[in-house]
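Protein chains in written order, with the working numbering: chain R, 83 to 658; chain S, 257 to 434.
As structure tokens, the structure follows; a few thoughts come after it.
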Amino acid sequence: MAAKMFRQCPDSGLFFHKSAESLMKAHAVLGVVYLLVGGFLGLLVALTRMPSLHLLSAEDFYLALSIHGTAILIFWIIFFEMAVLYFAASTLLRCRPATPGIGWVGFLLMVIGSVLVMTAFFRGNSSVMFTSYVPMPAEPIFYLGLILFAVGALIGCFIFLGTLVIARQEKTYDGSVPLVTFGALTAAIIAIFTIASGAVILIPTWLWSLGFINHIDPLMYRTVWWALGHSSQQINVAAHVSIWYAVAAILFGARPMSEKVSRTAFLLYILFLQLASAHHILADPGVSSTWKVFNTSYAMYLAVLASMVHGLTVPGCIEVAQRKKGFNNGLFEWLKKAPWANPVFSGMFIAMIIFGFIGGITGVVMGTEQINLIIHNTIFVPGHFHATVAVGTTLTFMAITYFLIPVLFRRELIWPTACKWQPYIFGGGMLILSLFLLGAGTLGVPRRHWDINFSDALLQFQFAGTAITMLGIAGFGGFLAAVGGALFCLIAVGSLIFGKRLDPGASLFSSFGFPMASSCYNVERPGKLGLAPVEQTGDGGVQAKGTFVLALVFLASFVVYFFINAKYLSSIWPMG
Amino acid sequence: MSILPPSQKIWWKEPIHGIEMMWIILALIWCLVLFLWMPYWHVYGKQNLSNESYKTSPEKFESKANAMAKEHTVRTDTKSNIPVVHPPAGSDVYLLGRMWQWWPILELEKNKTYRLHISSLDWQHGFSLQPTNINLQILPGYETVVTITPDQSGEFAVVCNEFCGVGHHTMLGKIYVK
Ligand SMILES: [Cu+2]
């Protein structure tokens, strides 16, 4: 008799396999731990960059900044993404995970790797920032930790692929994989490429730090490193866009307007994102303009096209679903009547708007070869990626966590009022932070800089008063975002410990990576996952007019902002 | 439902929603404009990065900067007597970055063109000319050459905007334009 390893969540109807479930929980919990660590140091960074506070000493500031970037951009996000991969393959396809034992090995490697990196940071000799550019050295355990972490993540990606194969062989579903799984598949493929690039550059750098290799060319390092550094952010884009589709389906029963369009857009990510990382070396010597233009152009703009497509199809499918429910008055009744008090929706929607309007537009402006001259390495860059990663990815992951706590962990959320406000506080704080960092960067304020008053420098220079004011406001935004982030961590951890148990039989530890009480697992093999109901096919003549208007507003802002920057560029010294 | 397999097994034959098609066309046109913008600026724009750069070594670059300073120093500045160099218009000008200074101080003439060579003697640095806001990445072992024509007079700061160690925030240089 086969063991009963599945349970069906009575609220969502989803099936969870015992071993996949434990892996999901473990990865998600570790992710939140790093969000807490990275977020706290981010607060210290924000309060130091606030000129009136200037909290930390220079040494502590660079240490905090290094930890903040790495803990958030790598550890929080990738741990969480591993949970998303297990969910998208095992849970959505009603399939057992491939080799769960090796999954735990991967998890363990990620834990050991991340702890080594953190140890290197806290020992104080590895404040090399997220980018860790050679020839500035970090301790050998820093590089080793990153390598081990990457190997662990790679194992997770292969288990995801293996699970898809098992699901196909055991025919756990009909037809093609769901769109959300398809999006997760693109994330996994990009991740594999990314980690391979990471190995190509981090292994020699590790050997260099140990003294076995005596020179790493900085340009070569930058080129290969950015194939890791940039693509790793594209894993996030593919992952969080998949979650947007998932939220639309879960909350609204929305169906993609066209599977063909949405899937093709995901394919564009795989095909064109990798070399888009060339835009990180637009201001570097040793690389010709032709190479820069070629690699940023075809690679970047087709990927930009893909994001613009998702930007229409995600809200578009929500609009169509809402209109079918009768919210059909005017252009925006569907949006006004959306569940704005539900953090799963509000988090996802705020993430989408800020990701598109602020993150997307500034990213493209920055990726234009010549405009990059007025932006490269200024604080504009963190302004951009706080809109993309801190809001787009992190807030999306927070939003889906509000869904996962009852469904995956079987706990009720505590503090309903705090839950309701959290996405607005975090999103609002990050919006202020991003906008004012972008503004200060446009005025030339450097990133990764402890004191822009240059108080103990031999020569003197003063930035415009506006720039200083903007940094102050950005610091306030950072503080607000940290409050929102802390609130999220409190709600998540608090709900796991104190939230009301939804399955009375569940054990005390069922929230923490350990399985539920065995009585919960009462299904040997879930029924085959059928196709989406046919009546949900197509737009049924319902047009997403409101979304189209929003998309036009977006395009207009994009065009205007692009040309404002081109105008600004034309005012600097002629050079060539 | 995007969490269920598509209702039509052959999803790639689905028709495309009218609004989606319109948006794809608009977005594609805009992406093409963005792409063409870069070659366009190379031809008609005045602010471009040159394609000229060389492999070098810290010693080689330092000796070239020293030679220039020796020949064209007009005075010194600050209490540590940093040389202020006034090279002839049109000449090759050297600026070196090292922990934690840009050396030497340059004095240029307005609306004259110079070939500015920049490199680093140690780690990566960021050349950020303020308040004009021109930002370049400077790598050790690589000599960047840009032809610049200062078109404003005044005092300009060279801020380092690539993290280069704990004294990074003191890394300031100066360019006077007369
Ligand atoms: Cu520097």
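Glycine is no exception: its CB is placed at the ideal position from the N, C-alpha and C atoms.
Predicted, not measured: the structure shown is a model, and the values here were computed from it.
Counting C-beta neighbours from all protein chains within 10 Å, is the total for residue i 16 or more, i.e. buried, or is it exposed?
| i | result |
| --- | --- |
| leucine 230/R | buried |
| aspartate 93/R | exposed |
| proline 262/S | buried |
| aspartate 366/R | buried |
| methionine 83/R | Low confidence applies here, because methionine 83/R scores a pLDDT of 47, under 50, leaving its location unreliable; read the following figure in that light. Flag for methionine 83/R reads exposed. |
| asparagine 389/S | buried |
| valine 247/R | exposed |
| glycine 410/S | exposed |
| isoleucine 496/R | buried |
| serine 139/R | exposed |
| glycine 412/R | exposed |
| leucine 175/R | buried |
Please decide whether residue i counts as near chain R, where near means a Cβ-Cβ distance under 8 Å.
| i | result |
| --- | --- |
| lysine 302/S | yes |
| threonine 329/S | no |
| isoleucine 259/S | yes |
| lysine 326/S | no |
| asparagine 417/S | yes |
| glycine 274/S | yes |
| lysine 430/S | yes |
| histidine 424/S | yes |
| serine 309/S | yes |
| tryptophan 379/S | yes |
| proline 344/S | no |
Please work out which residues of its chain come closer than 6 Å, Cβ to Cβ, to residue i, disregarding the five sequence neighbours upstream and downstream, and give them in chain order.
| i | result |
| --- | --- |
| threonine 619/R | Note that threonine 619/R scores a pLDDT of 47, beneath 50, so its modelled location is shaky and nothing firm can be said. |
| leucine 236/R | Ile277 |
| threonine 268/R | Ala320, Phe348, Tyr351 and Ile352 |
| isoleucine 361/S | Asp333, Ile338, Val340 and Lys430 |
| isoleucine 400/R | Ala330, Phe334 and Ala336 |
| glycine 397/S | none |
| cysteine 91/R | Val489 |
| glutamate 415/R | Phe409 |
| alanine 345/S | Glu365 and Lys368 |
| valine 435/S | Given that chain S is displayed from residue 257 to residue 434, the structure contains no residue 435/S and the question cannot be resolved. |
Does the CB of residue i have a neighbour CB from chain S at under 8 Å?
| i | result |
| --- | --- |
| alanine 626/R | yes |
| threonine 475/R | no |
| glutamine 618/R | Because glutamine 618/R sits at a pLDDT of 49, beneath the cut-off of 50, its placement in the model cannot be relied upon, and the point is left open. |
| glycine 368/R | yes |
| alanine 365/R | yes |
| methionine 83/R | Residue confidence for methionine 83/R is low, a pLDDT of 47 falling below 50, so the modelled location carries little weight and cannot support an answer. |
| glycine 311/R | no |
| glutamine 251/R | no |
| proline 300/R | yes |
| asparagine 459/R | yes |
| threonine 450/R | yes |
Please say whether residue j and residue i have beta carbons closer to each other than 8 Å?
| i | j | result |
| --- | --- | --- |
| alanine 385/R | lysine 374/R | no |
| valine 414/S | isoleucine 394/S | no |
| phenylalanine 462/R | leucine 517/R | no |
| alanine 500/R | alanine 128/R | no |
| valine 473/R | isoleucine 436/R | yes |
| isoleucine 149/R | phenylalanine 203/R | yes |
| leucine 137/R | leucine 123/R | no |
| valine 233/R | alanine 220/R | no |
| isoleucine 259/S | proline 397/R | no |
| glycine 33/R | glycine 560/R | In the structure as shown, chain R starts at 83 and stops at 658, and residue 33/R therefore has no counterpart that could be examined. |
| valine 471/R | asparagine 318/R | yes |
| glutamate 315/S | leucine 352/S | no |
| glycine 244/R | threonine 173/R | no |
Looking only at its own chain, which residues have a Cβ that is under 8 Å from the Cβ of residue i, when we skip the five neighbours before and after it?
| i | result |
| --- | --- |
| glycine 183/R | none |
| leucine 80/R | Only positions 83 to 658 of chain R appear in this structure, which leaves residue 80/R out of reach. |
| alanine 328/R | Val262 and Ile482 |
Could you pull out every residue in the same chain whose Cβ sits closer than 7 Å to the Cβ of residue i, ignoring the five residues on either side in sequence?
| i | result |
| --- | --- |
| valine 343/R | Val391 and Thr395 |
| methionine 257/S | none |
| valine 536/R | As written in the sequence, residue 536/R is phenylalanine, which differs from the valine given in the question. Gln542 and Phe543. |
Legend entry - Cβ-based contacts, 8 Å cut-off: residues of the stretch 278 to 301 of chain S near chain R: Met278, Trp279, Ile280, Leu282, Ala283, Leu284, Trp286, Cys287, Leu288, Leu290, Phe291, Trp293, Met294, Pro295, Trp297, His298 and Gly301
Inset, instruction - Scan the stretch 137 to 163 of chain R for residues whose Cβ lies nearer than 7 Å to a Cβ of chain S and list them as they occur along the chain. - result: Ala140, Glu141 and Tyr144
Inset, instruction - Identify each residue in the stretch 387 to 409 of chain S for which the Cβ-Cβ distance to at least one residue of chain R is less than 9 Å, and report them in chain order. - result: Pro387, Thr388, Asn389, Ile390, Asn391, Leu392, Gln393, Ile394, Leu395, Pro396, Gly397, Tyr398, Glu399, Thr400, Val401, Val402, Thr403, Ile404, Thr405, Pro406, Asp407 and Gln408
Legend entry - Near-chain S residues of the stretch 501 to 517 of chain R (beta-carbon distance less than 8 Å), N- to C-terminal order: none
Legend entry - Under 8 Å (Cβ pairs) to chain S, residues found in the stretch 173 to 194 of chain R: Leu174
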